[in-house]
Amino acid sequence: MIQAQVFFTLAIQLVVFDVDGTLTKHSSVWWRLHEAFGTTVEGKMYFDQYFAGKLSYQEWADLDAGLWVGEPIDKVMDVVRATELVSGAKETIDELHKHGLHTAILSGGLDIMANDIARRVGIEYVLTNRLIHKDGVITGDVDILVGWGEKVQEIQHVVEHFSIPLEKTAFVGDGKNDVSVFSVVGLSIAFNPEHQEVADAAQVVINDDDLRAILPYVFGEGHDRGKAKT
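Have a look at this one:
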């Protein structure tokens, strides 16, 4: 059942997606790399220190990546290749493009994952963090372009790239890191939200195994969008 409070929104021209848990079936790529490299204990410690306010986001990222210095980038690619797309991901992007909409990724994850997902589904533009590697191994450096809670600032770069205003932009995400950006876009969609506060912050909440469930809201069928739950 869908419950909706109807309101008017300008036609959406750009749809921006989170990656982990939105376009993929998996949790944070950072955590998956900790699992792959056997660094989950240290990773959890740094996680707790960041959210206790003891580390900056750059410090947290550097500490995480510092655990992987000298590890082969091929092992990261093994994680990337094992990543499953959420059902209907490519079909959703194809349908958006068919209707003339643009697509982008804005992720606090890592480029090696986000770029691969974009390639698989055909997304046009990616803004995320860069895991630095040289001569086939991880250097321990990270170029932070999207910090925790900073998507509300960084989405400005995305909309400027396409010359499309925020009010004609939709954002689709699932995590607490997406909440800030929900308040500035024309359409905010929480897709299988991880927490109640994510659902509460979005205009549309979708709990579905298939990403195509977002399409009626993006296209504004019936010219209505609202605080909806499916």
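Under the numbering used here, think of the first position of the sequence shown as 122, with each following residue one higher.
Cβ coordinates follow ideal geometry from the N, Cα and C atoms, glycine included.
Keep in mind it's a predicted model, so treat the numbers as computed, not measured.
Check your understanding: So what does DSSP say about N236, is it helix, strand or coil?
Key -> helix
Point to revise | Close beta carbons around S148, own chain, < 8 angstroms, minus the five adjacent residues each side | key: D141, G142
Review point. Is the region 294 to 303 in contact with the region 167 to 179, if contact means three or more CB pairs nearer than 8 angstroms?
Key: Proximity of the region 294 to 303 to the region 167 to 179 falls short of the contact definition, fewer than three beta-carbon pairs being nearer than 8 angstroms.
Review point. Residue range of the beta strand (DSSP E) that G270 falls in?
Key: Note, G270: premise wrong, no beta strand (DSSP E); not H, not E.
Practice item. Using three-state DSSP, classify N298 as helix, strand or coil. Key: N298 falls in the helix class under three-state DSSP.
Exercise for review: Kindly give me the distance between the Cβ atoms of V200 and A235, rounded to whole angstroms, as I take these residues to be in contact under 8 angstroms.
Suggested key: Not a contact, Cβ separation roughly 13 angstroms.
Exercise for review: Identify which residue in Y246, E315, D331, V207 has its Cα closest to the Cα of T224.
Suggested key: Y246
Review point. In terms of residues, what are the limits of the alpha helix (DSSP H) holding D217?
Key: As written in the sequence, residue 217 is Leu, which differs from the Asp given in the question. Segment 210 to 219, the alpha helix (DSSP H) holding L217.
Check your understanding: Does the Cβ of R202 have 16 or more other Cβ atoms within 10 Å, making it buried, or fewer, making it exposed?
Key -> In summary, R202 is exposed, with fewer than 16 beta-carbon neighbours lying within 10 Å of its beta-carbon over all protein chains present.
**Study point:** Same chain, Cβ closer than 8 angstroms to D232, neighbours up to 5 away in sequence not counted
**Key:** If we look at D232 and ignore the five residues flanking it on each side, its Cβ neighbours are V247, T249, N250, R251, L252.
Review point. Going by the beta-carbon positions, is the gap between K272 and L227 smaller than 8 angstroms?
Key: yes
Check your understanding: Between which two residues does the beta strand (DSSP E) carrying K63 extend?
Key -> For the chain, the structure presents residues 122 to 351; residue 63 sits outside this window and is missing.
**Study point:** C-beta atoms of V267 and L308 nearer than 8 angstroms
**Key:** no
Point to revise | Proximal residues to L287 (C-beta, below 6 angstroms), its chain only, five neighbours per side dropped | key: V280, V305, V306
Review point. Which residues share a DSSP beta bridge with A322?
Key: Answer by DSSP bridge pairing: none, since A322 is not bridged.
**Study point:** Identified DSSP bridge partners for D264
**Key:** DSSP, once it has assigned bridges, lists R251 as partnering D264.
Check your understanding: Under the three-state reduction of DSSP, which class applies to V197: helix, strand or coil?
Key -> For V197, the secondary structure class from DSSP, reduced to helix, strand or coil, is helix.
Practice item. Count the other CB atoms, across all protein chains shown, that sit within 10 Å of the CB of R240; report buried if there are 16 or more and exposed otherwise. Key: exposed
Point to revise | Assigned secondary structure, G174 (DSSP; H/G/I helix, E/B strand, else coil) | key: Assignment of G174 by DSSP, reduced to helix, strand and coil, places it in the coil class.
Review point. Near P193, which residues of its chain fall below 7 angstroms by C-beta distance, leaving aside the five closest residues on each side in sequence?
Key: Correct list, in chain order: G257, V258.
Review point. Going by other Cβ atoms of all chains shown within 10 Å of its Cβ, with 16 needed for buried, is N313 buried or exposed?
Key: buried
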